[in-house]
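Student:
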Amino acid sequence: MSLMGGMASALILSAAATNSVPNVQAKKENASIQFNTAYEGVKLPEEVIAAAKKKGIDVTTHLPEHLVKGPHALNPKMSVGTQPISPEQKVIALSLKFPDEVPSKVSYEHMPLAQLNNLLFGTEYNPYEMKQFEKYATYNGVSAPTNRTLKNYYKEASYGKVNVSGEVIEVQMPHPYSYYKIGQEVGVVSNDYGDYTMALLVNDAVKAADAQVDFSQFAVNGEVPNIFLIHPGTGAEWNLDPGIIWSHKWEVSEAAYYNEYVNTGVEPANWDYEAHKITVDGVKVNSYAIEPEVGGDLTGYLGAVSGPYPPQVGVYAHEFGHVLGLPDLYDYGYDSEAMGAYTIMASGSWTRYPNAAPYSGNSPVHFDAWSKVFLGLEGVDTLTTGQKTYTLNPASSAKGAVKLVVPGSNGSEYFLLENRQQQPGTFDLGLSRYGSHGLAIYHVDENVLSRNFWRPNEAQNWFQSRKQQVIQDPSTGETHYGVAVIQADNQWDLERNRNSGDPGDLFTTGKVFSPTSTPNSGSYYFSNGTGTATNYTGIFVKNMKENADGSITFTAGFEK
C-alpha cells in the first residue's frame, strides 16, 4: 500500500521547508487564483455569529475572493438538469492523532473509534453513554435522540436510495498539530493563514494511513471521492479561534496551488492539478472533508469556555453534500441568511432537538427540493400551463415536489413547492427550533446557478422588498439568489439577516401565492423591479390546507 511516485513526498518537503506563515495580506489584493472546485466551508451557527459581533469580529468576510472565484471554480453544466449520485457511497474516515494536544482549555476524553463509527456508519449513536456526556442525555425532560447518524440521514433524505458505509481508523500524524499552521486570519472570518497548508496535512494523513487502508477499495473510476479527516478538539466554526481548523470540503491539488502561491508570492503558471493529487494504491486522493472530534468553544475565544459537546451529524452531512456535488446555499458574505434553516446546505446543518447548544447539528434538516432534484433523489411534477390540485406528504418521509415554470424563461426560472413539517422521528424535527411548518416555495433561477454555481446565494435578493433599489453583490455580480425561500409573511427576514427562520416563513392553511399577493409570484426578469405587472408570470398557489396527517393540499397553476 505504498505511495507511488514522488509527488506526495515532494509536496511535503516543499511545504515543510517553508513552514513559517508568510504575510499574505499584501499579496491577496492582486490574486486571481482559479480552482477546479471551490473551497466549501460550513456556515457559522447563529450563536457564534452573535458572539462574534459582540467581540467586534467582522463576520461579513468569510473567505478571500481569490479562493472562490475564477472560471475553474464553476462548471456551468452542473446547474442544468441533474447530477444523479451513486446509491452506494463508501467512505473512509481518518481520525487524526497528533504528538501534541490541540488548542483547548478543557481536558476531555477523546472519542473512541466505536463511537465515531456509530456516528457515521451506524444506525444507533449514543454518545451519552460516555461519562463526560451523561449530563446531556436529557434536556428539560426531553431525551436526546440516539439515531442521528450520517447513514440514517442519507437514507432518510434520499428516501432509501443512498446507503453510506465505511470505516473510521485511527491515524498517528508524523508532526504536531502546530506544525501545520492551521487557522484563520485574526480579527476577521477568513482563511488566509492556514487552509493552504491542508495539502501537507492531507498528504501526511493519507501516507500515515496507507499501512492500514487499501485506498483502491474506496475508489470510483480511479479516484477516492469520499474521505473524511476527523481532527481532535473543536472546529473554528464553533468559536472563530484563528488557531484551529474550520470544517470544510476542498481539494488537495487546489490547496497545493494556494500553498505555492502564498509561499512564493507568485501565481504558478500552467499548474497541473492532476499531478498534485495524491497517488496511493494505484488510485488518486484529492477531494476531502475535515471535521472536529467534539463541539463547543473549548478555547474560550469568544468568551466563556463551553463544551466539550458530543460530535453531531450536521457538519458531516453538510460537508458530504459538497462531496456529492452540492454548493453552499448560504450567503458567504454573512450579510444575509439566504436559505436559512430550510436546507442542510445553509443554516439547516445546525438545527437541533432538543433546542440547546449541546445538541446543535444533531437534527440537520433535509436538503431543499432543488438540491434533491439536482442529486436525482427527487422527481417533480412540472406545470407550464393550466392548473392542478395536489396533496403532498411531508418531504421528510415521502417524495413529492411541484415545479411551476415561469413563462418565457425557457425553463431556467421556476418555483419549486414541497411540504416541510416538524415530523417526529425525522431529521426535519430540527425545524421545531424555528416553529416552521407548511408549504415551502422556492424561487429558482438557473441563470444565477450557471454563472455562480458554487456561490449562488451570495447576493442581497431584496427584489420585492426593496422595490426599485437593486443591489449588485460585489463578489458575484448577482442581484438575487439562485435558490431563494419565498417567505409567506413578506418580512424578508432571511434577506435582512434578521433570523434563520420563523413561524411565518412557510405557507399554511388559507395562504395565497399569486401575481397580486404579498409576496407575489413575479419573475426576476421582464421587470423594472417594482413588483408591478411588468414581471407578471400568472403563477398562483391557492386553496392551501394543512391536513391532520401532516399532508398539504393546494391548487397550483397559471391564470388564464
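Be aware that the sequence shown starts at 656, since it is given in this note's numbering, and climbs by one per residue.
Yeah, the Cβ is synthetic: ideal placement off N, Cα and C, and Gly gets one too.
Just so we're clear, the structure is a prediction, and the values are computed from it rather than from any experiment.
(1) Closest to Leu895 by C-alpha separation, out of Tyr956, Gln872, Asn876 and Lys1058, would be which residue?
(2) Could you compute how far the alpha carbon of Gly660 sits from the alpha carbon of Tyr832?
(3) Pull up the CB-CB distance for Ala911 and His931, whole angstroms please, since I reckon it's below 8 Å.
(4) Taking Cβ to Cβ, would you say Ser1155 is nearer than 9 Å to Glu992?
(5) Could you compute how far the alpha carbon of Glu1214 sits from the alpha carbon of Tyr1179?
(6) Give the straight-line distance between the Cα atoms of Val1167 and Pro1174, rounded to the nearest whole angstrom.
(7) Run through DSSP, which three-state label would Ser1240 get?
(8) Would you tell me roughly how many angstroms separate the C-alpha atoms of Met994 and Ala866, rounded to the nearest one?
(9) Which residue comes first and which comes last in the alpha helix (DSSP H) that contains Leu775?
(10) Give every residue of the same chain whose Cβ lies closer than 8 Å to the Cβ of Gly976, excluding the five residues on either side of it in the sequence, and list them in chain order.
(11) Whole-angstrom Cβ separation of Asn1152 and Leu984, contact assumed at under 8 Å?
(12) Any contact between the region 898-912 and the region 931-945? By contact I mean 3 or more CB pairs, one from each, below 8 Å.
(13) Quickly, what does DSSP pair Asn1074 with across the bridge? List them, please.
(14) Closest to Gly962 by C-alpha separation, out of Asp952, Tyr971, Asp1036 and Val968, would be which residue?
(15) How would you call Val797, buried or exposed, if buried means at least 16 neighbouring beta carbons within 10 angstroms?
(16) Count the other C-beta atoms from every protein chain shown that fall within 10 angstroms of the C-beta of Val1060, then say buried if there are 16 or more, exposed otherwise.
(17) Please report the distance separating the alpha-carbon of Asn772 from that of Gly1003.
(18) Report the partner residues of Val1099 according to the DSSP bridge assignment.
(19) Give me, in chain order, the residues of the same chain whose beta-carbon lies closer than 6 Å to that of Val1103; leave out the 5 immediate sequence neighbours on both sides.
(20) Taking 7 Å as the limit between beta carbons, can you name the residues of its chain near Asp936, skipping five residues before and five after?
(21) For Trp905, which residues does DSSP report across the bridge?
(22) Three-state secondary structure (DSSP) at Gln827?
(23) By the three-class DSSP mapping on this structure, what secondary structure does Val697 have?
(24) Is it true that the region 1011-1020 meets the region 964-971, where meeting means three or more beta-carbon pairs spaced less than 8 Å apart?
(25) For Thr954 and Ile900, I'd like the C-alpha separation in whole angstroms.
(26) Among Phe1108, Ala1143, Glu1150 and Gly1177, whose alpha-carbon lies nearest the alpha-carbon of Gly1165?
(27) For Glu1201, which residues from the same chain have a beta carbon less than 7 Å from its beta carbon, with the 5 sequence-adjacent residues on both sides left out?
(28) Buried or exposed, going by whether 16 or more other CB atoms sit within 10 Å of the CB of Ser687?
(29) Kindly indicate the opening and closing residues of the alpha helix (DSSP H) around His973.
(30) Can you name, in chain order, every residue of its own chain whose Cβ lies under 6 Å from the Cβ of Glu922, other than the five neighbours on each side?
(31) Hey, is Leu1071's beta-carbon within less than 9 Å of any beta-carbon in chain B?
(32) Would you say the region 1077-1097 touches the region 1028-1037, given that touching needs at least three Cβ pairs under 8 Å?
(33) State the start and end residues of the unbroken alpha helix (DSSP H) segment that holds Asn858.
(34) Are Gly890 and Val938 close, meaning C-beta to C-beta below 9 Å?
(35) Helix, strand or coil for His931 per DSSP?
(36) Go to Val1028, then tell me how far its alpha helix (DSSP H) extends in each direction, as first and last residue.
Tutor: Well, looking at it:
(1) Tyr956
(2) Legend: pLDDT at Gly660 = 34, less than 50; position of this residue unreliable, value from coordinates given subsequently. In a straight line, the C-alpha of Gly660 is about 26 Å away from that of Tyr832.
(3) 4 Å
(4) yes
(5) For Glu1214 and Tyr1179, the gap between their C-alpha atoms comes out near 18 Å.
(6) The alpha-carbon atoms of Val1167 and Pro1174 are separated by roughly 9 Å.
(7) Coverage of the chain is limited to positions 656 through 1215, which leaves residue 1240 absent and any answer about it impossible.
(8) Straight across, the Cα-Cα distance linking Met994 with Ala866 is about 43 Å.
(9) Leu768 to Phe776
(10) Ile999, Met1000, Phe1022 and Ser1026
(11) About 15 Å; that fails the 8 Å criterion.
(12) At 8 Å Cβ cutoff, the stretches touch.
(13) Leu1094
(14) Asp952
(15) exposed
(16) buried
(17) 23 Å
(18) Tyr1069 and Val1138
(19) Excluding residues within five positions, the ones whose Cβ falls inside 6 Å are Pro1111, Glu1133 and Gly1137.
(20) Met656, Asp869, Phe870 and Ser871
(21) Tyr943
(22) strand
(23) coil
(24) Taking a cut-off of 8 Å on C-beta distances, the region 1011-1020 touches the region 964-971, as three or more cross pairs fall below it.
(25) 13 Å
(26) Ala1143
(27) Gly1093, Thr1163, Thr1164 and Ile1207
(28) Because Ser687 sits at a pLDDT of 32, beneath the cut-off of 50, its placement in the model cannot be relied upon, and the following sentence gives the value as read from the coordinates. Counting of Cβ neighbours within 10 angstroms places Ser687 among the exposed residues, the total staying below 16.
(29) Val968 to Val978
(30) Tyr916
(31) Absent from the structure: chain B. Only one protein chain is present.
(32) no
(33) Met853 to Ala864
(34) no
(35) In the structure shown, the three-state DSSP call for His931 is helix.
(36) That run of the alpha helix (DSSP H) goes Ala1024 to Phe1029.
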